[in-house]
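Numbering (the working numbering), first residue to last: 67 to 163.
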């Protein structure tokens, strides 16, 4: 029997839902990151709405494109200074509500 016949692909959403229900630690970690995910998503959408590539925005704010990519992928914990650069470059402002 070929290996291909033994592999079963499961959609990420199915795995995520199961983990949310069965693993309290997973749910807590996911919930703790909700704000960060929402902020990153909003900034990515703002960049896309302005038809800016990562490279264009990175050049505009004086950072490496790879640093912006790491931020947008959630692989880095940005400083407040970095967030200010990104928001300013998009014509936005960080504010407390």
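The beta-carbon is built from N, C-alpha and C at its ideal position, and this holds for glycine as well.
Item	Value
List the endpoints of the continuous alpha helix (DSSP H) containing residue 107.	100–115
Give the range of the alpha helix (DSSP H) segment to which residue 161 is assigned.	Premise fails: residue 161 is in no alpha helix (DSSP H) and is neither H nor E.
Is the segment 137–144 close to the segment 98–114, with three or more CB pairs under 8 Å?	yes
So what's residue 76 in DSSP terms, helix, strand or just coil?	coil
Who are the near neighbours of residue 130 in its chain, counting only those whose CB is closer than 8 Å to its CB and skipping five residues on each side?	124
Looking at the secondary structure, which residues open and close the alpha helix (DSSP H) in which residue 155 lies?	146–155
Mind checking which residues open and close the alpha helix (DSSP H) that includes residue 124?	120–127
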